[in-house]
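Everything on this sheet refers to the single structure shown next.
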Amino acid sequence: MGILRLSHVEVRVPDLELCTAYYTEVLGLLEVEREPERVYLKCWDEYDHHSVVLRYAPRYGLEHMSYRVEHDADLEELERAVELAGVPVKRVSAGEELGQGEAVRFETPSGHLMELVHRVEKVGNLLPKTNPPPEPQGLVGIHPPRIDHVFLTVEDVDETTRFFAETLGFRLTERLVARDGHLLGSWMERSHSPHDIAFITGPNGGLHHFAFWLDDWNEVRRAADTLAYHGVKIDVGPTRHGVTRGYTIYFFDPVGNRNEVFTGGYWVDPDHEPVTWTEDEMGRAIFYYEGGLNPRFLTVHS
Amino acid sequence: MGILRLSHVEVRVPDLDLAAAYYTKVLGLLEVRREPDRAYLKCWDERDHHSVVLRYHPRQGLEHMSFKVEEERDLEEFERTLEGYGCIVRRLSDGEELGQGEAIRFETPSGHEMELVHRLDRIGSVLPKTNPPPEPIGLPGIHPPRMDHLLVTAEEVGDAARFYMDVLGFRLTEQLISGDGHQIGVWMERSHTPHDLAIVSGPNGGLHHFAFWLDDWDEVRRAADILAYNGVQIDVGPTRHGITRGNTVYFFDPLGNRNEVFTGGYRPDPDFEPITWTEDQIGRAIFYYEAELNERFLTVHS
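If you want it as structure tokens, here you go:
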């Protein structure tokens, strides 16, 4: 019941050809379908039609994020909850977005366009359903098995966290608290992992990054090799987060959207008591090995 | 709603001191409490009171397995469903089992004693809740962060699987089908992992193994070093499963109960289409690198 996991992100890119080349050849996603202004991509182990949509737009950034709900009935229930919170909801009919059934869309108080969907066209992963090898061979680039989470900038982290908890049922796993007690950052989950969505102080509507799952730390190292080989600008890493305990590299796509590869974390029960980070330990919270932030982390977003 | 994950296993051991020494020093679990005929153990990242109970008994094997349900009222619902199915359900009152609230117990058609519980004493992980390091330093042995799953044996795998799926809500992720079309192994989940509970052909009431989670393949290698150093009999591994895609080492506790350390896998949605393995590929299904079973895998259980 309720939200299950991140389904896809639709990302604005001023150069669709360049970005398609990067996301398919360096990140190693698969191109599922192409329209004049959009390219639909998925990771190799995902069954659904797409997890990343690149959309031509003059300015980069997040067009919308979409979460998958467990049952069809959840759409109506969450639609009601969102409307009750005073937020107008738009119904998206089946097929209006390629590869998807009915969905609902609304703008969160933090100015992000959010979609909830249940039925998604299953195109299957790359493996057979009988006697499958554990992974395909010969994929190019980093080829993560799946998308993991998004991280957004918001002006009021407290208010946004409340909306996502009370209206959408997200559960707080970790928080970064300023000296005066207000939230600088919050990490929230639905999938029993450390985060499916997270927020950091910044402008409303901003995208800090979206992240792909890798299976282990050695894959993170290999991803750094792949990025460096292709001359991709690495922002930070390979390193480790204090928050989430995850291993990470941050880097930028060719038009300035930040990507992450991520692994690790921990299992989260629904009654998990959140972890608190204090502002004086912010460096370790974000980059555990370095113990400090680079200035880009707080200032660069899309 | 429903079953969340494995909560604990209670394992019979003919030598409590020897077993407690092995599980705390080689596996690196923490001893939470000791009674004359039982030792309560947990992994370092678990917050609940215990995940392994060693119980003195002349013969090794599984005393019971306990799964955690998401909400208190799930207990009543399951009690009703189980009684409707014809199971005799016993209520355990708050505190009757150390460190636990109310629970229900019943015998499954495969002859396994099973418990469902919601409330557990929260004794906390060994990390603080404010500015925690990602892991503690200086723990002995393998020290897995948490328990993962168990594999039991049943005479009629198909019947056993139907019970866990139809009555308890487990979802099938993978199955091993014999030449004549019946199930000789099933893997089922509740926690969006490849398995929380699995069943292979064998005597009713049998335990094939219970498994601890490790964070990555390098930790699996390190576990093999620790097992070898301590003279523990390694059954198979380090290697990889075709089924679940997991990386693994199987080994035996000093009394003959099989243990596993496990990592990897994938994230099945609740509507995941199960994977089928055919008997002619049983070698690759179980041990992907070796592509054959050792004799012990099918014949030795406790």
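Here the protein sequences line up with chains A and B, keeping their order.
Convert by adding 58 to the 1-based position in the first sequence; the result is the number in my numbering.
Convert by adding 314 to the 1-based position in the second sequence; the result is the number in my numbering.
Ideal placement from N, C-alpha and C gives every residue a C-beta, glycine not left out.
This structure is a prediction, so every number in the text was calculated from the model and none was measured.
Taking 7 Å as the CB threshold, Pro446/B lines the interface with chain A. Straight through space, the alpha carbons of Ser492/B and Glu593/B are spaced by roughly 5 Å. At a cut-off of 7 Å between C-beta atoms, Gln414/B does not count as an interface residue with respect to chain A.
Under the 7 Å criterion on CB atoms, Trp102/A is classed as non-interfacial with respect to chain B. Fully contained in the stretch 448 to 481 of chain B are the following beta strand (DSSP E) runs of length 3 or more, in chain order: 460 to 468. A residue is called buried when at least 16 other Cβ atoms come within 10 angstroms of its Cβ; Arg303/A meets this threshold and is buried.
For chain B, the residues of the stretch 248 to 278 of chain A that bring a beta carbon within less than 7 Å of one of its beta carbons are Ser249, His250, Asp273, Asp274, Trp275, Asn276, in chain order.
In summary, the residues of the stretch 230 to 250 of chain A whose CB is separated from some CB of chain B by less than 8 Å are Ser249, His250, in the order they occur in the chain. Within a 10 Å sphere around the beta-carbon of His363/B sit 16 or more other beta-carbons, which makes this residue buried.
Taking 7 Å as the cut-off, the Cβ atoms of Ser168/A and Arg126/A do not count as close.
Taking 7 Å as the cut-off, the beta carbon of Gln414/B is found closer than this to the beta carbon of Leu434/B. DSSP lists Val150/A, Val175/A as the bridge partner or partners of Ala161/A. Listed along chain A, no residue sits closer than 8 Å to Pro350/B by beta-carbon distance, the nearest being about 31 Å off. DSSP places Ile258/A in the strand class (E or B) of the three-state scheme. Spatial neighbours of Tyr478/B in its own chain (CB-CB distance under 7 Å, excluding positions within 5 residues in sequence) are listed in chain order as Phe484, Met502, Leu511. The beta carbon of Ser616/B sits closer than 6 Å to the beta carbons of Gln374, Gly375, Leu521, Gly570, Asn571 from its chain, once the five residues preceding and following it are set aside; these are given in chain order.
Annotation: the continuous alpha helix (DSSP H) that includes Tyr287/A extends over 275 to 287. Here DSSP, grouped into helix, strand and coil, assigns Gln497/B to strand. Under the 7 Å criterion on CB atoms, Val110/A is classed as non-interfacial with respect to chain B. Assigned with DSSP and collapsed to three states, Leu85/A falls in coil, not helix or strand.
By the Cβ test, the stretch 455 to 466 of chain B is in contact with the stretch 356 to 370 of chain B, since at least three Cβ pairs between them sit closer than 8 Å. Along the stretch 321 to 332 of chain B, none of the residues has a CB nearer than 7 Å to a CB of chain A. Per DSSP, the beta-bridge partners of Ala269/A are His207/A, Glu318/A. Here Asn561/B is bridged, per DSSP, to Arg554/B, Thr577/B. For Thr166/A, no beta strand (DSSP E) encloses it, and the DSSP letter there is neither H nor E. The shortest CA-to-CA distance from Pro296/A to any of Glu135/A, Glu213/A, Arg279/A, Pro146/A is the one to Arg279/A. Identification of chain A residues near Leu453/B by a Cβ-Cβ cut-off of 9 Å yields none; the smallest Cβ-Cβ distance measures about 15 Å. In the DSSP annotation of this structure, Val140/A is not part of any beta strand (DSSP E); the continuous alpha helix (DSSP H) holding it starts and ends at 130 to 142. As the crow flies, the alpha-carbon of Asp408/B is around 11 Å from that of Ile418/B. Linking His266/A to Glu345/B through their CA atoms gives a straight-line distance of about 43 Å. Residue pairing from DSSP places Glu421/B in a beta bridge opposite Glu427/B. At a cut-off of 7 Å, the C-beta of Arg303/A has a neighbouring C-beta in chain B. With three or more CB-CB distances shorter than 8 Å, the stretch 431 to 446 of chain B counts as touching the stretch 330 to 339 of chain A. Under DSSP, Glu232/A takes part in a beta bridge, and its partners are Trp245/A, Val333/A. DSSP places Glu68/A outside any alpha helix (DSSP H); the residue lies instead in the beta strand (DSSP E), whose first and last residues are 61 to 71.
In this structure, the alpha-carbon of Ile589/B lies about 29 Å from that of Glu155/A.
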